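Colleague: Please see the structure below; I have some questions.
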Amino acid sequence: MSAAKIKKGDNVVVLSGKDKGKTGTVAQVLPKEGKVLVEGVNVATRHRKPSQANPQGGIERREAPMHISKVAVADPKSGKPTRVRFEEKGGKKVRVAVKSGETIDG
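Residues -18 to 87, numbered by this note's numbering, are exactly what the sequence shown covers, in order.
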């Protein structure tokens, strides 16, 4: 298994779909499904009936997972989408933005 190019806490840009161009932080990575959960992006609404747990009921909004191929890591310098490569710096394997050559924290 190769190292993950997108990790929890990364700033990402959405490349396609209804939220194209939006940026957000990765809240969760689901590697088995190949999906990511991005804060404030791909918000799904559910109409909930009143129940004992939720006596008020109403409309519930929450982020839904989206395919990992629809997002790209945001370049630390410009904020634009970039690919990620791995390099060894100081004996450690680090992620580097291809566009700017900047090291990605994480």
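We put the beta carbon where it would ideally sit given N, CA and C, even for glycine. Note that this is a predicted model, so its numbers are computed, not measured.
1. So what does DSSP say about lysine 51, is it helix, strand or coil?
2. According to DSSP, which residues form a beta bridge with lysine 16?
3. Under the rule that 16 or more other beta-carbon atoms within 10 Å means buried, what is asparagine 23, buried or exposed?
4. Hey, could you find the ends of the beta strand (DSSP E) arginine 27 is sitting in?
5. May I ask you to list the residues that DSSP assigns as paired with glutamate 68?
6. Using a Cβ-Cβ cutoff of less than 6 angstroms, which residues in the same chain neighbour arginine 27 once the five nearest sequence positions on both sides are dropped?
7. List the whole-angstrom C-beta distance separating lysine -14 from valine 65, where the pair is believed to meet the contact cut-off of C-beta under 8 angstroms.
8. Give the single residue among Lys74, Lys(-12), Gly(-10) and Val(-6) whose Cα lies nearest to the Cα of lysine 61.
9. Return the residue from the list Leu(-4), Gly82, Ala45 and Lys30 that minimises the CA-CA distance to valine 10.
10. Nearest to serine 81 by alpha carbon, out of Phe67, Gly71, Lys74 and Pro57?
Modeller: According to the structure shown:
1. helix
2. Paired residues: Leu11 and His48.
3. Residue environment for asparagine 23: buried (at least 16 other C-beta atoms within 10 angstroms of its C-beta).
4. 24 to 29
5. DSSP lists Val75 as the bridge partner or partners of glutamate 68.
6. Glu41
7. 4 angstroms
8. Val(-6)
9. Valine 10 has its Cα closest to that of Ala45, out of Leu(-4), Gly82, Ala45 and Lys30.
10. Pro57
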